[in-house]
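Student: To start, I am sharing the structure in question, which I have written as structure tokens.
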Amino acid sequence: MTREALADTLEQIALLLELKGENPFKVRAYKTGAETVLQFTGDIVGRARVNDLSGIKGLVDALRQKLHELASTGKLEYYENLKSEFPADIFDLFQIQGLGPKKVKAVYEALGVASVTDLKEACQSGAVAALPGFGKKSTEKILQSIAFREQNADRFRLDEVVGPVELILESLRSHPDCSMAEVAGSFRRGKETVHDVDFLVATSQPESVIDHFVNQEWVSQIIARGDTKASVNLQSGLQCDLRAVSTDEFACSLLYFTGSKEHNVALRGRANDRGYTLNEYRLSLQEGSDSADPPVFETETELYHFLGLGFVPPELRENSGELEAAEKGNLPRLVELENLRGTFHNHTTASDGRSSLEEMAEAAIELGLQYLGIADHSKSSFQANGLNEKRLLAQVKEIEKLNRKFADEGTSFKIFAGSEVDILKDGSLDFSDEILDQLDYAVASVHNAMTLSEADMTRRIIRAVSHPGITMLGHLTGRLLLKRNAYAVDVAAVIDACAATGTIIELNCSPWRLDMDWRWWPLAKEKGVKCSINPDAHHVDQLKNLWFGAKLARKGWLTREDVINTLPLGEVEGVIGV
DNA sequence: GCCGTTTTCGGCCCGACTGTTTTCAGTCG
């Protein structure tokens, strides 16, 4: 039983109680209970197991007893009973945008809608539109949301994939018959979401490695299994494919299975021009060609060089100019995770984070960072417990105190006091200039009124980034990968405005966002706009989101010089204007 | 269901937006 599992159960109880139309304050008690469990500093699971939860605000008789039962037995009778009153798939309905507990309750009770499939049918038949409180537009919105879900049903965010990838790679590499193993495909290229994951091994005993691959405990279904390839589904539904080749074929295969298809096509054309033909196993002489016999390539680098190209990092292999650059020797030296010296835009328990200021600082020091920017929500983000002026200034004082402590201890580390300031609907900011002046830096972000027209949204954001108190723009498009599309905004115009005002654009590396999108960074770079790779961490563990950020920054052709948080403490202050 | 007490029960977190209404309920951040 984990902390997250305890909190999940309380949250699901809250949802079910809402469905039943229970007292909303009772519902809230369960929700805040879940939050309390998540934020508790200490071994909440252990304490729940031995029924030692006294004195924790928010957990009194009922919740304390339930947490004890859950932690000590792994089950909760109250929850099981509650669940049995509703169809098993009812939770899926809450994923539909625009459907909350009241509306789920309405379609369930009036129409017997118990799943997303039922809901779709009921929308199409007009039954939903006929319900009180619903209408034509609601029906359309629901159908749109269902379509979006269906479209993305077989795609996964990187955070859902990175764990399994490491596990499987390690398992393959530890097999005695496997001499090399790599992950290829869109994961290796650093796409923001993936459909499946491709693995490649070099072996002289393919059957034995494939046997090993399909018989792991995390495999839930074997889709296909042949002599040199196999496909399986993991419990999450993620499809993983394995190809087994010989050691001599490994480099060409890795190139081939990394893609993209378009990059490969261009590369094959280039091989043809030189009298060769390239496939997933090897480079061979074209029939009748008088070119020299090609060697066996041990690495992708050797193959690229043979074709007159510099090594193209996998992230750039989208056939968007990388081959031309590789030919001229103009490929950028891409930024690396290890180049990052610090980071901005992180939250603490002061707003909606789950780790305290001190814990976040300690975790950043542990990661080897020299500085950490704190940017808790501002007062308009009420749902996120945004800070008002008084609380913000108190936090600034607290940060100053901690910084003095670091200095006294001889620790070369600094916390930058900032804020994630809400961009209000008209583009004005949630804090006055006088308050912003007292901060080291400020991130401006949109958190509401996301349905403005493109023109209005663009005007709104440009007004905010043009404000002298704003250092950087947070998650430019507001997208939530596989969940919510970007709001309408003219990204190019915003980039122009940032270029004109010297405003930094964030690469928000929460795996839900990865925003601004990698496709826009080359333009931003061309215009001279700098990037800040920001984890948007709400917990110490999420500082590791920097890994996603570095990957996506590379995909956007960014170098160390383009990313401000590669600068050491002592230089970065100048850039953010401290 | 929890809190703060006025130790017994009333009060509990805001504001914008949307769509369905025609004054407001539900959703979302």
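Going by the working numbering, the first residue of the first sequence is number -14, and it counts up by one from there. No residue lacks a Cβ here, since even glycine has one placed at the ideal position from N, Cα and C. Everything numeric in this text was worked out from a predicted model, so none of it was measured.
(1) Quick one: is R174 buried, meaning 16 or more other Cβ sit within 10 Å of its Cβ, or exposed?
(2) If we count the other Cβ atoms within 10 Å of its Cβ and call it buried at 16 or more, is V525 buried or exposed?
(3) Specify, as a first and last residue, the run of the beta strand (DSSP E) that V428 falls within.
(4) Please classify D571 as buried or exposed, where buried requires at least 16 other C-beta atoms within 10 Å of its C-beta.
(5) Kindly provide the ranges of any beta strand (DSSP E) runs that are 3 or more residues long and lie completely inside the stretch 253 to 283, ordered along the chain.
(6) In terms of residue numbering, what span does the alpha helix (DSSP H) encompassing Q24 cover?
(7) Just mark T(-13) as buried or exposed, buried being the case when its beta carbon has 16 or more other beta carbons within 10 Å.
(8) Given this structure, state the Cα-to-Cα distance separating P191 from L154, to the nearest angstrom.
(9) Expressed to the nearest angstrom, what Euclidean distance is found between the alpha-carbon atoms of A33 and I41?
(10) Could you check how far apart the C-beta atoms of T462 and G562 are, in whole angstroms? I think they sit under 8 Å.
(11) The beta strand (DSSP E) with R210 in it runs from where to where?
(12) D407: which of S365, Q206, P72 and L319 sits nearest, CA to CA?
(13) Under DSSP, the beta strand (DSSP E) around F401 begins and ends at which residues?
(14) How many angstroms separate the CA atom of L531 from the CA atom of A538?
(15) For the stretch 343 to 355 against the stretch 281 to 295, are there 3 or more C-beta pairs whose distance is under 8 Å?
(16) Reducing DSSP to helix, strand and coil, say where T328 ends up.
(17) If I follow the unbroken alpha helix (DSSP H) through N66, where does it start and stop?
(18) Assuming L354 and G395 make a contact with CB atoms under 8 Å, what is their CB distance in whole Å?
(19) Is the beta carbon of L219 less than 8 Å from the beta carbon of W203?
(20) When the Cα atoms are used, what is the spatial distance from F119 to G6?
(21) Could you pull out every residue in the same chain whose Cβ sits closer than 6 Å to the Cβ of R318, ignoring the five residues on either side in sequence?
(22) Anyone know if the C-beta pair for N324 and T551 falls short of 8 Å?
(23) Within 10 angstroms of its Cβ, does V45 collect 16 or more other Cβ (buried), or is it exposed?
(24) CB-CB under 7 Å to G293, same chain, minus the five flanking residues each way: which ones, in chain order?
(25) In the DSSP assignment, what residue or residues form a beta bridge with R228?
(26) Output the residue ranges of the beta strand (DSSP E) runs that lie fully inside the stretch 347 to 396 and measure 3 residues or longer, sorted by chain position.
(27) Fully enclosed by the stretch 410 to 469, which alpha helix (DSSP H) runs are 4 residues long or longer?
(28) Which residues in the same chain as V557 place their Cβ atom closer than 8 Å to its Cβ, once the five residues preceding and following it in sequence are excluded?
(29) Using DSSP's beta-bridge definition, name the partner residues of T178.
(30) For E247, count neighbouring Cβ atoms within 10 angstroms of its own Cβ and tell me buried if that reaches 16, exposed if not.
(31) Residues bridged to A166 by DSSP?
(32) Quick one: grab the DSSP three-state call for A(-8).
(33) Would DSSP call I489 helix, strand or coil?
(34) Within its chain, find whatever has a CB closer than 7 Å to the CB of G43; leave out the 5 residues flanking it on each side and keep chain order.
(35) Would you call the stretch 110 to 128 and the stretch 193 to 208 touching, i.e. three or more CB-CB distances under 8 Å?
(36) Given a cut-off of 8 Å on the beta-carbon distance, is the pair V479 and T443 in contact?
Tutor: By the coordinates alone:
(1) Walking along the first sequence from the start, residue 174 turns up at place 189. Buried, because 16 or more other Cβ atoms sit within 10 Å of the Cβ of R174.
(2) Position 540 of the first sequence holds residue 525. Buried.
(3) In the first sequence, counting from the first residue as 1, residue 428 sits at position 443. Looking at the DSSP string, the run of the beta strand (DSSP E) that includes V428 is V428 to S430.
(4) Since the first and last residues shown for the chain are -14 and 563, residue 571 lies out of range.
(5) 261 to 263 and 268 to 270
(6) As a working note, residue 24 is residue 39 in the first sequence. In the DSSP assignment, Q24 falls within the unbroken alpha helix (DSSP H) covering P9 to Q24.
(7) By 1-based counting over the first sequence, the position of residue -13 is 2. By the 16-neighbour rule on beta-carbons within 10 angstroms, T(-13) is exposed.
(8) Counting from one through the first sequence, the residue named residue 191 turns up at place 206. Counting from one through the first sequence, the residue named residue 154 turns up at place 169. So the alpha carbons of these two residues sit roughly 16 Å apart.
(9) Here residue 33 is taken as the residue at index 48 of the first sequence, counted from 1. Here residue 41 is taken as the residue at index 56 of the first sequence, counted from 1. When rounded, the distance between both Cα atoms is 11 Å.
(10) Locating residue 462 in the first sequence gives position 477, counting from the first residue. Locating residue 562 in the first sequence gives position 577, counting from the first residue. So it is not a contact: roughly 25 Å between Cβ atoms.
(11) To locate residue 210, count along the first sequence from 1; it is residue 225. That run of the beta strand (DSSP E) goes V204 to R210.
(12) As a first step, residue 407 is located in the first sequence; it is residue number 422 there, counting from the start. Measuring from the Cα of D407, the nearest candidate turns out to be S365.
(13) As a working mapping, residue 401 is identified with position 416 in the first sequence. Where F401 is concerned, the enclosing beta strand (DSSP E) stretches over K399 to D407.
(14) Indexing the first sequence from 1 puts residue 531 at position 546. Indexing the first sequence from 1 puts residue 538 at position 553. Cα to Cα, L531 sits roughly 10 Å from A538.
(15) no
(16) Along the first sequence, one-based indexing puts residue 328 at 343. In the structure shown, T328 sits in a strand (DSSP, three-state: E or B).
(17) What you label residue 66 is simply residue 81 of the first sequence in a count that begins at 1. That run of the alpha helix (DSSP H) goes E62 to S69.
(18) Residue mapping note: residue 354 aligns to position 369 of the first sequence, counting from 1. Residue mapping note: residue 395 aligns to position 410 of the first sequence, counting from 1. With 8 Å as the limit, L354 and G395 do not qualify as a contact, their Cβ atoms being about 17 Å apart.
(19) Position 234 of the first sequence holds residue 219. Position 218 of the first sequence holds residue 203. Yes, the pair counts as a contact, with Cβ atoms nearer than the cut-off.
(20) The residue given as residue 119 occupies position 134 in the first sequence. The residue given as residue 6 occupies position 21 in the first sequence. Cα to Cα, the separation comes out at about 19 Å.
(21) As a first step, residue 318 must be located in the first sequence, where it is residue number 333. Result list for R318: T544, in chain order.
(22) Residue numbering aside, residue 324 sits at position 339 when the first sequence is read from its first letter. Residue numbering aside, residue 551 sits at position 566 when the first sequence is read from its first letter. Yes, the Cβ-Cβ distance between N324 and T551 is below 8 Å.
(23) Within the first sequence, residue 45 is the residue found at index 60, counting from 1. Looking at its Cβ environment, which holds fewer than 16 other Cβ atoms inside 10 Å, V45 is exposed.
(24) Residue mapping note: residue 293 aligns to position 308 of the first sequence, counting from 1. The residues are E312.
(25) Taking the first residue of the first sequence as position 1, residue 228 is located at position 243. L185 and K214.
(26) 356 to 362
(27) 418 to 421 and 439 to 450
(28) Sequence index remark: in the first sequence, residue 557 carries index 572 (1-based). Counting only Cβ-Cβ distances below 8 Å, and skipping sequence neighbours, we find R326, G327, Y356, I549 and N550.
(29) Within the first sequence, numbered from 1, the residue matching residue 178 stands at position 193. DSSP output for T178 lists R142 as bridge partner(s).
(30) Along the first sequence, read from residue 1 onward, the residue named residue 247 stands at position 262. Classification of E247: exposed, given that the 10 Å Cβ count is below 16.
(31) Numbered from its first residue, the first sequence carries residue 166 at position 181. Note: A166 sits in a beta bridge opposite V186.
(32) By 1-based counting over the first sequence, the position of residue -8 is 7. Of the three classes helix, strand and coil, the one that applies to A(-8) here is helix, per DSSP.
(33) Along the first sequence, read from residue 1 onward, the residue named residue 489 stands at position 504. Of the three classes helix, strand and coil, the one that applies to I489 here is strand, per DSSP.
(34) Within the first sequence, numbered from 1, the residue matching residue 43 stands at position 58. Once the five neighbours on either side are set aside, the close Cβ partners of G43 are T17, G18 and T21.
(35) Three or more beta-carbon pairs separated by less than 8 Å are not found between the stretch 110 to 128 and the stretch 193 to 208, which leaves the two stretches without contact.
(36) Walking along the first sequence from the start, residue 479 turns up at place 494. Walking along the first sequence from the start, residue 443 turns up at place 458. Yes, the pair counts as a contact, with Cβ atoms nearer than the cut-off.
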